[in-house]
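Participant: Residues 16 to 266 in our numbering are what the sequence shown spells out, letter by letter. C-beta atoms are modelled at their ideal positions from N, C-alpha and C, and glycine is treated no differently. None of the values given here were measured: they were computed from a predicted structure.
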Amino acid sequence: MPPTARTARTPRAAPGFRFPPDRDRVETIFQRLSGVMPEPKTELDFTSPFTLVVAVALSAQATDVGVNKATRTLFAVADTPAKMAALGVEGVTPYIASIGLYRNKAKNVVALSRMILDQHGGEVPLNRSDLQALPGVGRKTASVVLNELGVEPAIAVDTHVYRVSHRLALANANTPDKVEAQLHKVVPAQWLPKAHHWLILHGRYVCTARKPNCPGCIISDLCPSRAGIMADVQPSRSRTARAKAAPPSGA
Ligand code: SF4
């Protein structure tokens, strides 16, 4: 899911941030992430380039769990462009009705299937310009597909990548495209193919938007935002503890 205007403003660059960040610090961050997640993968279910394109296109403003639930039954009946095109918009819609923006997505999935059949001989084109010409496939979707299939090391900047990059002071730009460009400059080449997954998974399970788990974070000593976040959390915890410890009024 790309950052919305609101989420895009939320993370601030870490205090004292300068760009580009220190190379040794960046290297160590990715060494540690690779140590705990040596083979990161997308959490979307797919069995072919076509089902990957469809799953990623459906995932905008939806969770991977929700998309997998929908595609499990959809792909059981339509896992090729020909079958999807034959199903048509009316046929696809009920399978994905639990996903946000499903009406538009159903139209796009059928239209992209037809374009793959008509213009690419039924095979998903694995280059950026042809991919981005498919209905409903933007830069982020193309980046996820090309990176996942090992065609091109790309960092698709979704809300998790955007937030974690800012907190770790790997980027300070204010749009996903600019953050992507900054990450391509600062992430060492050897880590680029997996950087997208590491940043997403770290943001999804550790450095979450509302309650980042800084005490349990394996890169907390390398994170310039940790002190500020912990300082924000401590007072509210103290207040909660004091409130619990206080005698009831009138006692
Ligand atoms: S220390 Fe906290 S803010 Fe920094 S990356 Fe880890 S979880 Fe995120």
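(1) Quick one: Cα of P35 to Cα of A196, how far?
(2) Taking C-beta to C-beta, are S240 and R182 nearer than 8 Å?
(3) In whole angstroms, give me the CA-to-CA distance for K56 and L164.
(4) Given L89, which residues of its chain have a CB within under 6 Å of its CB, disregarding the five upstream and five downstream residues?
(5) Measuring CB to CB, does V152 end up less than 8 Å from I114?
(6) Nearest-angstrom Cα distance between A169 and V159?
(7) Which residue marks the beginning of the alpha helix (DSSP H) containing A100, and which one marks its end?
(8) Under the criterion of a Cβ to heavy atom distance below 7 Å, does S74 qualify as lining the ligand SF4?
(9) Within 7 Å: the Cβ of N187 and any heavy atom of the ligand SF4?
(10) What three-state label does DSSP hand F90 in the structure shown?
(11) Please find out if some non-hydrogen atom of the ligand SF4 comes closer than 7 Å to the beta-carbon of P227.
(12) Less than 8 Å between the CB atoms is what I'm expecting for L73 and K120, so what's the real figure, rounded?
(13) Mapping DSSP to helix, strand and coil, what is S49?
(14) Enumerate in chain order the residues of its own chain whose CB-to-CB distance from T156 is below 6 Å, with the five nearest sequence positions on each side excluded.
(15) Within 10 Å of its beta-carbon, does P291 have 16 or more other beta-carbons around it, so buried, or fewer, so exposed?
(16) Return the residue from the list D145, L116 and L102 that minimises the CA-CA distance to V125.
(17) Starting from I131, trace the alpha helix (DSSP H) in both directions and tell me its first and last residue.
(18) Among the residues of its own chain, which have a CB less than 8 Å from the CB of L9, if the five just before and after it don't count?
(19) Take A93 and list the residues in its own chain whose beta-carbon comes closer than 7 Å to its own, dropping the five residues that flank it on each side.
(20) Restricting to runs no shorter than 3 residues, where is the beta strand (DSSP E) found entirely within the stretch 165-193?
Facilitator: With the given structure in hand:
(1) Translated into positions along the sequence shown, residue 35 becomes position 20. Translated into positions along the sequence shown, residue 196 becomes position 181. Cα atoms of P35 and A196: separation of roughly 12 Å, rounded to the nearest angstrom.
(2) Taking the sequence shown and counting its residues from 1, one reaches residue 240 at position 225. Taking the sequence shown and counting its residues from 1, one reaches residue 182 at position 167. It is a contact, given that the beta carbons lie within the stated cut-off.
(3) Position 41 of the sequence shown, counted from the first residue, corresponds to residue 56. Position 149 of the sequence shown, counted from the first residue, corresponds to residue 164. Cα to Cα, K56 sits roughly 10 Å from L164.
(4) Here residue 89 refers to the residue found at position 74 when the sequence shown is read from its first residue. Here the set comprises Y110.
(5) Your numbering for residue 152 matches position 137 in the sequence shown. Your numbering for residue 114 matches position 99 in the sequence shown. No, these two residues do not count as a Cβ contact at 8 Å.
(6) Here the question's residue 169 lines up with position 154 in the sequence shown. Here the question's residue 159 lines up with position 144 in the sequence shown. Those two C-alpha atoms are separated by around 7 Å.
(7) As a first step, residue 100 must be located in the sequence shown, where it is residue number 85. That run of the alpha helix (DSSP H) goes P96 to I111.
(8) Working through the sequence shown from its first residue, we reach residue 74 at position 59. S74 Cβ: outside cutoff for every heavy atom of the ligand SF4.
(9) Numbered from its first residue, the sequence shown carries residue 187 at position 172. Checking the Cβ of N187 against the ligand SF4 gives no.
(10) One-based indexing of the sequence shown puts residue 90 at position 75. Helix at F90.
(11) Here residue 227 corresponds to residue number 212 of the sequence shown, with the count starting at 1. True, at least one ligand heavy atom lies under 7 Å from that Cβ.
(12) Counted from its first residue, the sequence shown places residue 73 at position 58. Counted from its first residue, the sequence shown places residue 120 at position 105. 6 Å between Cβ atoms; contact.
(13) In the sequence shown, residue 49 corresponds to position 34, counting from 1. In this structure, S49 counts as helix in the three-state DSSP scheme.
(14) As a first step, residue 156 is located in the sequence shown; it is residue number 141 there, counting from the start. If we look at T156 and ignore the five residues flanking it on each side, its Cβ neighbours are V71 and A72.
(15) Only positions 16 to 266 of the chain appear in this structure, which leaves residue 291 out of reach.
(16) On the sequence shown, residue 125 is found 110 positions in, with the first residue counted as 1. Closest option to V125, Cα to Cα, is L102.
(17) Taking the first residue of the sequence shown as position 1, residue 131 is located at position 116. Y117 to H135 is the span of the alpha helix (DSSP H), which, as asked, contains I131.
(18) Only positions 16 to 266 of the chain appear in the structure, and residue 9 is not among them; the question remains open.
(19) Within the sequence shown, residue 93 is the residue found at index 78, counting from 1. The residues are M99 and L102.
(20) none
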